[in-house]
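Quick notes on the structure that follows.
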Amino acid sequence: MTINEHLTELAGRPVVDFRHEHEGESSDRYFGSGDPGTRASTGDVAWRVRTWFEGPGFGDVFGKFLAEVPPAEVTHLVIGYWGASYDTKNTVDPVDLLVGAADRLPALRALFLGDIVLEEAEISWIEQSDVTRLFGAFPALEYLGVRGSDGLALSPVRSGTLRTLRFETGGLPASVVRAVGGSDLPALERLDLWLGTDNYGGDATVADLAGILGGERLPALRHLGLENAQIADEVAAAVAGAPIVARLTSLSLALGTLTDRGAESLLSGQPLTHLERLDLRHHFLTDAAMNRVGAALPGVEIDLGQQEEAEDDWFYTAVSE
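Written out as structure tokens, the structure is:
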């Protein structure tokens with residue numbers, strides 16, 4: 003997944019834009035983005051609601067969405083650009099709006115909060131808030147994705163339905179990492195955390211990952227992504243002995259600063275031959291280390307793309323600012 007392009011699908015549903023009415027436009031106001039002449043079926047798509055810089059207020063757009071698309075039929079929802087603190091028309095917290103409209107969105111199962119690309123805002127500029135409230139408002143939520151970490155907060159939660167949890171950030175706060183590890187998520191199958199760098203609030207250490215790597219509260223987890231990490235070598239060493247790894251089918255340490263040291267830790271730890279896929283793309287491995295990883299795991303699909311070179315001993319993550 004890239005932050006340079008808007009989502010085209012969410013949890014198996016194609017994403018279509020809600021196109022709200024402007025003066026003089028047709029009253030048939032919401033369409034699939036692929037064919038503006040065909041009205042989208044509400045429950046068969048993931049609706050994207052967004053505004054733009056100096057565009058209409060997001061609160062107004064969201065209100066029109068609830069009025070014009072039957073909200074009780076909406077199952078998948080993508081929240082795009084909602085403005086920023088310097089854009090006075092759009093100073094709004096989308097979590098507040100979502101929680102306030104929860105009784106009108108009873109079928110919501112999948113939510114992505116922050117489908118905002120670089121031309122709209124740097125990932126470090128995306129202003130989030132406490133997303134814990136979403137679990138109480140939408141107890142049947144199966145998928146939650148969040149992009150951006152400025153102001154992001156999470157407390158430990160319990161959800162018997164959540165199957166996918168994804169945080170995309172240039173720097174994920176340690177408090178959020180610990181909250182994930184302290185949550186009871188018996189149905190969670192996929193977890194992706196972009197840990198980021200300390201320059202952008204990514205202050206988590208491997209100690210903060212203990213609740214996740216222990217796996218006691220994540221009995222159904224099959225994919226774990228600890229990605230975009232400045233501390234990728236340390237993460238690799240922790241993963242090498244983590245109990246949760248034995249039941250994974252997919253592991254990703256992609257987008258980070260993995261070096262030969264981290265690769266050696268992975269190969270010296272518990273066997274990884276049970277994995278179906280190992281994603282290490284965007285790394286700083288030497289050719290020799292890449293060859294060793296491939297030789298050690300012949301039955302595993304390994305992504306070793308995007309071999310990077312350090313710049314004056316600076317090892318960089320794929321996504322930061």
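Numbering (this note's numbering), first residue to last: 3 to 323. C-beta atoms are modelled at their ideal positions from N, C-alpha and C, and glycine is treated no differently. Note that the structure is a prediction, hence the values are computed from the model and not measured.
Taking the alpha-carbon of E124 as reference, which of G173, F67, E236 and A139 has the nearest alpha-carbon? Residue mapping note: residue 124 aligns to position 122 of the sequence shown, counting from 1. Checked all of G173, F67, E236 and A139; the closest Cα to E124 is G173.
Three-state secondary structure (DSSP) at D98? For the purposes of this step, residue 98 is taken as residue 96 along the sequence shown, with counting starting at 1. Reduced to three states, the DSSP call for D98 is helix.
May I ask you to verify whether the stretch 122-140 touches the stretch 279-291, counting CB pairs closer than 8 Å and requiring at least 3? no
Assign P73 to buried or exposed, taking buried as 16 or more other Cβ atoms, counted over all protein chains shown, within 10 Å of its Cβ. For the purposes of this step, residue 73 is taken as the residue at position 71 of the sequence shown. With 16 or more other Cβ atoms within 10 Å, it is buried.
Quick check: what's the CA-CA separation for A244 versus L215? The residue labelled residue 244 in the question sits at position 242 within the sequence shown. The residue labelled residue 215 in the question sits at position 213 within the sequence shown. The alpha-carbon atoms of A244 and L215 are separated by roughly 5 Å.
Using a Cβ-Cβ cutoff of less than 6 Å, which residues in the same chain neighbour V295 once the five nearest sequence positions on both sides are dropped? Here residue 295 corresponds to residue number 293 of the sequence shown, with the count starting at 1. So the qualifying residues of the chain are A265.
In the structure shown, what three-state DSSP assignment does P73 receive? The sequence position of residue 73 within the sequence shown is 71, counting from 1. It is helical.
Close beta carbons around A240, own chain, < 7 Å, minus the five adjacent residues each side: Here residue 240 is taken as the residue at index 238 of the sequence shown, counted from 1. Cβ within range, chain order: V208, L211 and L215.
Could you tell me the boundaries of the alpha helix (DSSP H) in which E213 lies? In the sequence shown, the residue the question calls residue 213 occupies position 211. It should be noted that the sequence gives Gly, not Glu, for residue 213. Where G213 is concerned, the enclosing alpha helix (DSSP H) stretches over A212 to G216.
From D132 to L253, what distance separates their C-alpha atoms? In the sequence shown, residue 132 corresponds to position 130, counting from 1. In the sequence shown, residue 253 corresponds to position 251, counting from 1. D132 and L253: Cα-Cα distance of roughly 28 Å.
Among V101, A13 and E122, which one has its Cα closest to the Cα of H78? Translated into the one-based positions of the sequence shown, residue 78 becomes position 76. It is A13.
Rounded to whole angstroms, what's the CA-CA distance from V179 to I5? Just pull it up for me. The residue labelled residue 179 in the question sits at position 177 within the sequence shown. The residue labelled residue 5 in the question sits at position 3 within the sequence shown. Answer to the nearest angstrom: the Cα atoms are 21 Å apart.
DSSP beta-bridge partners for Q309? As a working note, residue 309 is residue 307 in the sequence shown. The partner list for Q309 (beta bridge, DSSP) reads H285.
What does the Cβ neighbour count give for W49, buried or exposed, with the cut at 16 atoms within 10 Å? As a working mapping, residue 49 is identified with position 47 in the sequence shown. Per the 10 Å Cβ criterion, buried.
State the start and end residues of the unbroken alpha helix (DSSP H) segment that holds R263. To locate residue 263, count along the sequence shown from 1; it is residue 261. Segment D262 to S270, the alpha helix (DSSP H) holding R263.
Helix, strand or coil for F67 per DSSP? In the sequence shown, residue 67 corresponds to position 65, counting from 1. DSSP places F67 in helix when its eight states are reduced to three.
Using CA atoms only, rank isn't needed, just tell me which of S177, L187, G198 and G162 is closest to E170. Position 168 of the sequence shown, counted from the start, is the residue given in the question as residue 170. Considering only alpha carbons, the answer is G198.
What would DSSP say about F169, mapped onto helix, strand or coil? Here residue 169 refers to the residue found at position 167 of the sequence shown. Here F169 sits in strand by DSSP.
Below 8 Å on the Cβ atoms is my guess for W127 versus A86; work out the distance and round it to an integer in Å. Taking the first residue of the sequence shown as 1, we reach residue 127 at position 125. Taking the first residue of the sequence shown as 1, we reach residue 86 at position 84. That pair is a contact at about 7 Å.
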